[in-house]
Amino acid sequence: MSETKIFLEQILESLTERKVEVQRRDIIVKKLQDKLGGNNYLLVLDDLWCVESTSWHEFVDTLRGINTAKGNCILVTTRMKRVASTVAADLHMLGKLTEDHCWSIFKQKAFVDGRVPEELASMGNKIVKMCHGLPLAASVLGGLLHNKEKHEWQAILDGSPLVAGEDDNGENSIKKILKLSYDYLPSPHLKKCFAYFAMLPKDLMFEKAQLIQLWMAEGFLHPCQQTTVMEDIGNNFFQLLLRNSLLQDVVLDEHNNIKYCKMHDLVHDLAGDIFKSKIFDPKGNDGEKLSQVRYFGWDSPSDQIDKINEPRRLCTLFWRNNYISEDMLLSFKFLRVLNLSRSGIKELSASIGKLIYLRYLDISSTEITALPHSICKLYNLQTFRANCCYSLKEFPYEMGNMISLRHIYFYSSSQMPLNLGQLTCLQTLQYFNVGLEKGHRIEELGCLNNLRGELSINELELVRSREEALTAYLQEKSNIYKLTYLWSHQESEGCEINVEHVLDGLQPHPNLKTFEVVRYLGTRFPSWFNEESLPNLVKLKLSNCRSCKEIPSLGQLKFLQHLELVGFHKLECIGTTFYGIEVNNMGSSSDNAIIQVFLSLKELVLENMLSLIEWKGVELIPTTSGVKMFPVLEKLRIRYCPLLKSTPKQLEILRELSIERVDSEMPLLNLCSNLTSLVKCSVSFVKELTCFPDEMLRNNVSLQHLSVYNCREFRELPQSLYNLHSLKSLMIEYCTNFSSFPVPSGENYLTSLQNLQLWSCGGLASLPSGMLEKCRSLQNLRVNYCNNLVSFPLHAGDMPSLSYLSIAHCPKLDSVPTGGLHHLTRLRELEIGPVSDMVDFEAFQLTFNGIQQLLSLRTLLVFGHLHWDSLPYQLMQLSALTHIHICDFGVEALPHRLDNLTSLEVLHLVRCKRLQHVDFSDAMPKLRYLRICDCPLLEALSDAFCNLVSLEELRLENCEKLEHLPSREAMRRLTKLCFFCIKGGEM
Numbered sequence: 001m002s003e004t005k006i007f008l009e010q011i012l013e014s015l016t017e018r019k020v021e022v023q024r025r026d027i028i029v030k031k032l033q034d035k036l037g038g039n040n041y042l043l044v045l046d047d048l049w050c051v052e053s054t055s056w057h058e059f060v061d062t063l064r065g066i067n068t069a070k071g072n073c074i075l076v077t078t079r080m081k082r083v084a085s086t087v088a089a090d091l092h093m094l095g096k097l098t099e100d101h102c103w104s105i106f107k108q109k110a111f112v113d114g115r116v117p118e119e120l121a122s123m124g125n126k127i128v129k130m131c132h133g134l135p136l137a138a139s140v141l142g143g144l145l146h147n148k149e150k151h152e153w154q155a156i157l158d159g160s161p162l163v164a165g166e167d168d169n170g171e172n173s174i175k176k177i178l179k180l181s182y183d184y185l186p187s188p189h190l191k192k193c194f195a196y197f198a199m200l201p202k203d204l205m206f207e208k209a210q211l212i213q214l215w216m217a218e219g220f221l222h223p224c225q226q227t228t229v230m231e232d233i234g235n236n237f238f239q240l241l242l243r244n245s246l247l248q249d250v251v252l253d254e255h256n257n258i259k260y261c262k263m264h265d266l267v268h269d270l271a272g273d274i275f276k277s278k279i280f281d282p283k284g285n286d287g288e289k290l291s292q293v294r295y296f297g298w299d300s301p302s303d304q305i306d307k308i309n310e311p312r313r314l315c316t317l318f319w320r321n322n323y324i325s326e327d328m329l330l331s332f333k334f335l336r337v338l339n340l341s342r343s344g345i346k347e348l349s350a351s352i353g354k355l356i357y358l359r360y361l362d363i364s365s366t367e368i369t370a371l372p373h374s375i376c377k378l379y380n381l382q383t384f385r386a387n388c389c390y391s392l393k394e395f396p397y398e399m400g401n402m403i404s405l406r407h408i409y410f411y412s413s414s415q416m417p418l419n420l421g422q423l424t425c426l427q428t429l430q431y432f433n434v435g436l437e438k439g440h441r442i443e444e445l446g447c448l449n450n451l452r453g454e455l456s457i458n459e460l461e462l463v464r465s466r467e468e469a470l471t472a473y474l475q476e477k478s479n480i481y482k483l484t485y486l487w488s489h490q491e492s493e494g495c496e497i498n499v500e501h502v503l504d505g506l507q508p509h510p511n512l513k514t515f516e517v518v519r520y521l522g523t524r525f526p527s528w529f530n531e532e533s534l535p536n537l538v539k540l541k542l543s544n545c546r547s548c549k550e551i552p553s554l555g556q557l558k559f560l561q562h563l564e565l566v567g568f569h570k571l572e573c574i575g576t577t578f579y580g581i582e583v584n585n586m587g588s589s590s591d592n593a594i595i596q597v598f599l600s601l602k603e604l605v606l607e608n609m610l611s612l613i614e615w616k617g618v619e620l621i622p623t624t625s626g627v628k629m630f631p632v633l634e635k636l637r638i639r640y641c642p643l644l645k646s647t648p649k650q651l652e653i654l655r656e657l658s659i660e661r662v663d664s665e666m667p668l669l670n671l672c673s674n675l676t677s678l679v680k681c682s683v684s685f686v687k688e689l690t691c692f693p694d695e696m697l698r699n700n701v702s703l704q705h706l707s708v709y710n711c712r713e714f715r716e717l718p719q720s721l722y723n724l725h726s727l728k729s730l731m732i733e734y735c736t737n738f739s740s741f742p743v744p745s746g747e748n749y750l751t752s753l754q755n756l757q758l759w760s761c762g763g764l765a766s767l768p769s770g771m772l773e774k775c776r777s778l779q780n781l782r783v784n785y786c787n788n789l790v791s792f793p794l795h796a797g798d799m800p801s802l803s804y805l806s807i808a809h810c811p812k813l814d815s816v817p818t819g820g821l822h823h824l825t826r827l828r829e830l831e832i833g834p835v836s837d838m839v840d841f842e843a844f845q846l847t848f849n850g851i852q853q854l855l856s857l858r859t860l861l862v863f864g865h866l867h868w869d870s871l872p873y874q875l876m877q878l879s880a881l882t883h884i885h886i887c888d889f890g891v892e893a894l895p896h897r898l899d900n901l902t903s904l905e906v907l908h909l910v911r912c913k914r915l916q917h918v919d920f921s922d923a924m925p926k927l928r929y930l931r932i933c934d935c936p937l938l939e940a941l942s943d944a945f946c947n948l949v950s951l952e953e954l955r956l957e958n959c960e961k962l963e964h965l966p967s968r969e970a971m972r973r974l975t976k977l978c979f980f981c982i983k984g985g986e987m
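Just so you know, we're using UniProt numbering here: the sequence shown kicks off at 1 and counts up by one.
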């Protein structure tokens with residue numbers, strides 16, 4: 001994989017916060033274009049170690065093509081002069097921090113509230129001088145002295161090894177400080193835990209739980225009177241290392257628990273120095289030292305493991321090859337840690353059962369299909385990881401004998417290990433799949449009172465009664481903070497009574513924070529769905545509860561922040577019981593105190609409620625002291641509730657509103673009647689909506705994003721549209737009756753608008769004159785498939801920020817902008833045509849006057865008419881263009897001046913019905929992708945076609961007369977061609 005592609009993938013992953021699945025570079029580039037748009041960006045490449053000059057320039061050129069807006073910046077930090085000279089246009093040698101800045105960092109780490117005791121102030125200033133302006137040094141020393149007494153501060157000053165010599169550079173100084181921080185770690189076991197990071201690669205984002213499990217397997221965590229659980233000791237050690245700035249870059253989960261972390265490479269070097277005599281390194285270890293090797297780490301070369309003189313001493317093996325022999329495995333009989341993850345191994349030897357000291361086994365992401373029964377003899381095994389083992393179908397039936405097992409990870413659809421209830425030390429069990437046979441029933445959970453973290457219980461339809469459910473003793477499992485209950489069955493007669501009893505018996509512990517119930521078929525929820533039984537709940541999702549006719553009382557859950565109610569098909573009304581308020585016979589609240597409901601709720605989702613008609617608010621309940629309803633609700637999404645007619649009006653601070661597939665316009669009008677803080681509003685498939693109320697837009701001056709999609713009766717926008725001075729995005733799509741915008745008023749309107757999209761607005765004939773005159777921030781303008789659009793005023797001179805312009809597939813458009821495109825100096829993508837048959841070719845060609853001045857233009861899509869026998873001549877002058885689509889022209893051959901497109905990488909020729917000849921001579925040296933589609937008269941590709949020496953992908957589709965391809969000898973010149981497709985022709 002090229003360095004450029006790796007960089008691009010990492011950028012896309014950072015933007016989307018998910019792993020990139022696509023392989024093709026052009027798709028990644030397109031996704032980045034969609035994400036970055038015309039926005040300015042700052043790209044930071046931190047701590048770059050190496051890069052080739054050619055790769056760097058290719059990467060920068062690609063970024064310029066993705067986004068041509070001025071003001072973009074790449075910031076690279078590196079400690080390598082060679083890297084700096086390769087990447088830097090402007091080189092800035094970072095100096096050391098001032099003492100004031102160092103003091104600020106030190107103080108933040110050393111004192112919880114930042115306040116410095118008077119007796120420590122002068123000592124702190126002296127210690128900061130030892131940092132020599134290095135931020136990592138200030139952070140480490142501050143962490144070291146956190147919560148320390150005065151005499152301990154003095155000890156650092158009196159015995160300091162940190163006074164820099166004349167030859168000391170910054171790296172030497174920081175190494176001394178790091179070593180001091182290590183020396184002051186409070187226990188030998190913690191020092192071993194720190195040094196163990198040498199086993200892991202540099203710059204690895206490691207999982208905290210996995211790291212603690214490795215420490216435990218190595219014997220570094222010893223229970224004491226104060227802390228009896230090894231994992232708790234490991235967590236304390238982790239926090240100490242983090243507080244001492246020996247760890248950094250933490251990643252938190254939804255409950256602010258640390259999931260992942262990194263170690264600075266200089267700190268990693270220190271761990272390597274401490275551990276170097278014990279880790280296998282064929283370069284650094286001579287024969288004598290190899291006999292002392294105890295650890296074979298992540299980066300240790302597997303093909304040189306036979307150099308280890310005394311394999312019996314090895315206690316840790318991270319293996320990367322796809323095969324490990326039985327003899328080799330047996331030679332490491334004192335192994336405590338065996339990590340085979342991502343090794344490619346397909347079979348595990350039965351001799352694994354003889355590794356009786358093994359405490360940690362990881363086979364994640366391997367193709368192992370079955371485990372040997374001998375694995376059940378690993379009575380000391382504490383952690384077993386089999387994540388992403390999609391080929392593994394079952395576990396040996398005697399795994400219940402592995403009584404020391406504390407953590408087990410496996411793919412959720414795998415068959416459950418038998419007799420899990422015997423594993424009473426178990427803390428981690430992410431999935432429990434209920435079965436009917438003994439050893440797989442829910443009663444297996446009963447003795448597992450040490451379970452922690454997350455648990456999903458699946459196949460709950462196999463639990464037959466409340467009494468059986470109670471045998472799981474879930475109410476006693478205080479350390480589970482995330483719980484999922486999942487039924488898999490289809491609806492059957494009488495089943496709702498059974499599942500109601502079962503759910504009643506599955507009451508969780510009050511400490512639960514996240515709860516999800518999926519496919520529950522009862523008609524009501526048990527009484528424990530309330531603030532007394534679930535007082536700490538933060539997130540709740542009830543999904544596909546198709547038979548439920550009422551929602552449990554949730555309004556008094558004081559810490560609930562996120563609530564999703566999905567698939568309540570029989571629910572007709574959300575009433576006062578939802579809020580947890582008792583109403584007396586007179587119809588008023590039984591308590592005259594202020595009514596408070598959903599005090600902490602920030603996000604609410606109502607989805608797929610096919611019978612829901614009414615959502616009542618608490619404003620209908622008489623009270624003498626007032627109502628406080630949804631006081632912090634920021635996001636509301638209502639989807640697939642077609643019959644909903646009414647909603648509450650007390651959502652004053654709502655910031656994001658999304659309504660989809662609600663037939664009536666009344667819910668939207670009710671919700672917006674009192675809103676003043678809306679920032680984002682999206683409306684889709686609301687059949688009766690004709691227009692937004694004028695006051696809705698007038699009252700929400702902070703609105704930034706407004707979207708209307710597939711509302712067929714939606715006809716117009718109110719005059720208050722021009723009051724939205726913060727509006728950044730306006731999209732109206734598939735609103736077939738939308739016909740008009742209001743006439744602009746005032747001097748400054750739509751000045752913040754960056755994105756305007758009008759798509760399939762069949763009633764729209766024109767835009768008001770001057771509507772776009774003030775849109776100087778506009779970056780993306782798309783007008784497509786507006787079948788009755790006759791004219792479109794393009795004020796190109798007033799759009800200096802425009803980077804994407806598409807005026808396409810508007811068949812009645814008879815006036816096209818002429819000669820103004822050259823004002824769009826930031827334009828990177830242009831799509832235009834087809835226009836009305838009334839427009840002749842010469843008039844259409846005038847549109848492109850000055851386009852050759854657009855040095856930022858990279859992508860062009862142009863649609864013509866079949867009676868136009870030539871292409872606009874200006875297109876042949878776009879030497880910076882990388883992508884071009886030529887569609888629906890009547891040309892018989894490509895013009896020779898196409899040779900001028902020396903930067904072109906992608907070419908589409910589509911529906912050019914008269915095209916007969918395609919001759920590329922020496923043109924387009926960078927062309928990677930060529931598609932010729934629906935060109936029925938094209939008969940042959942000559943040998944000259946093979947001058948496209950950079951071609952990687954060729955597609956020939958529906959070219960009926962195509963009979964001849966270049967000769968085999970000529971085709972050999974296409975050395976980069978890796979995909980060739982012919983579809984729908986004679987060949």
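Cβ coordinates follow ideal geometry from the N, Cα and C atoms, glycine included.
Item                                                                                                                                                                            : Value
Who are the near neighbours of residue 1001 in its chain, counting only those whose CB is closer than 8 Å to its CB and skipping five residues on each side?                    : Here the chain comprises residues numbered 1 to 987, so residue 1001 is not present and cannot be evaluated.
Gln-226 to Gln-704, Cα distance in whole Å?                                                                                                                                     : 54 Å
I'd like to confirm the pairing. Which residues does DSSP put opposite Asp-362 in its beta bridges?                                                                             : Asn-339 and Arg-385
Pull up the DSSP beta-bridge partners for Phe-432, would you.                                                                                                                   : Ile-457
Give the DSSP bridge partners of Glu-99, in chain order.                                                                                                                        : DSSP, once it has assigned bridges, lists no residue as partnering Glu-99.
Going by alpha carbons, who is nearest to Gly-234 out of Ile-258, Ala-209, His-867 and Leu-534?                                                                                 : Ala-209
Assess, as a yes-or-no matter, whether the region 297-311 is touched by the region 178-186 under the definition of 3 or more beta carbon pairs within less than 8 Å.            : no
Check the DSSP bridge columns for Ser-351 and list the partner residues they point to.                                                                                          : In the DSSP output, where bridge partners are listed per residue, Ser-351 has none listed.
Reducing DSSP to helix, strand and coil, say where Ala-893 ends up.                                                                                                             : strand
Could you spell out the range, first to last residue, of the alpha helix (DSSP H) harbouring Lys-728?                                                                           : Looking at the DSSP string, Lys-728 is not in any alpha helix (DSSP H), and its letter there is neither H nor E.
If I measure Cβ to Cβ from Cys-981 and keep anything under 6 Å in the same chain, skipping five residues before and after, which residues do I get?                             : Arg-955
Cutting at 6 Å between CB atoms, please list the residues of its own chain near Ile-105, excluding the five before and the five after it.                                       : Pro-135, Ala-138 and Ser-139
What's the gap between the Cα of Leu-426 and the Cα of Gly-453?                                                                                                                 : 12 Å
What's the C-alpha gap between Thr-369 and Ala-944?                                                                                                                             : 52 Å
Under a three-way DSSP split, which group does Glu-166 fall into?                                                                                                               : Any reading at Glu-166 needs caution, since the residue's pLDDT is 45, under 50, leaving its predicted position unreliable; the model's value is listed next. Reduced to three states, the DSSP call for Glu-166 is coil.
In angstroms with no decimal places, state the Cα-to-Cα distance between Val-20 and Glu-9.                                                                                      : 6 Å
Beta-carbon within less than 6 Å of Glu-444's beta-carbon, same chain only, minus the 5 sequence neighbours each way: which residues are those?                                 : Leu-420 and Gly-421
So the alpha helix (DSSP H) Trp-759 belongs to, where does it begin and stop?                                                                                                   : Careful: Trp-759 lies outside any alpha helix (DSSP H), inside the beta strand (DSSP E) at 755-759.
Compare the beta carbon distance of Val-632 and Lys-602 with 7 Å and say whether it is the shorter of the two.                                                                  : yes
Out of His-146, Ile-127 and His-132, which one is the CA nearest neighbour of Asp-158?                                                                                          : Ile-127
Could you please give me the residues that DSSP links to Gln-248 through a beta bridge?                                                                                         : Lys-262
Give me, in chain order, the residues of the same chain whose beta-carbon lies closer than 7 Å to that of Ile-174; leave out the 5 immediate sequence neighbours on both sides. : Leu-134, Leu-136, Ala-137 and Leu-266
Around the Cβ of Tyr-390, are there at least 16 other Cβ atoms within 10 angstroms (buried) or fewer (exposed)?                                                                 : exposed
Here's a check: name, in chain order, each residue in its chain whose Cβ is nearer than 6 Å to the Cβ of Phe-275, leaving out the five neighbours to either side.               : Ala-195 and Ala-198
With distances taken between CB atoms, is the gap from Ser-677 to Arg-655 smaller than 7 Å?                                                                                     : yes
Could you tell me if Ala-217 is buried or exposed, where buried requires 16 or more neighbouring beta carbons within 10 angstroms of its beta carbon?                           : buried
Would you kindly check if the distance between the Cβ of Ser-351 and the Cβ of Glu-326 is under 7 Å?                                                                            : yes
Can you give the beta carbon distance from Glu-614 to Ser-658, rounded, assuming they're within the 8 Å contact cut?                                                            : With a Cβ gap of about 20 Å, Glu-614 and Ser-658 do not count as contacting.
For Tyr-722, which three-state DSSP category applies?                                                                                                                           : helix
Taking the beta strand (DSSP E) that Ala-808 belongs to, which residues open and close that run?                                                                                : 804-808
Run through DSSP, which three-state label would Arg-639 get?                                                                                                                    : strand
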